[in-house]
Amino acid sequence: MEYIDKVIEKIRELAKKLVEALLGPAPEPEPELIPIPVHEPRRR
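Numbering (our numbering), first residue to last: 156 to 199.
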């Protein structure tokens, strides 16, 4: 059973490399922007 798991993992790796070669690398998710509080004086 362990041998089959290793074979399946190798096939997944090869499939991923093939897809990346054909379509280019998977786009990385953009980092989430962190809101920066800005202290603005209130005008009265």
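Every residue, glycine too, gets a C-beta built ideally from N, C-alpha and C.
Reduced DSSP category for Val162 - H, G, I as helix; E, B as strand; rest coil | helix
Using only the heavy atoms of the ligand MN, determine whether one of them is closer than 8 Å to the beta carbon of Pro184.
-> By its list of ligands, the structure shown contains no ligand whatsoever, and the ligand MN lies outside what it can speak to.
In the structure shown, what three-state DSSP assignment does Arg167 receive?
-> helix
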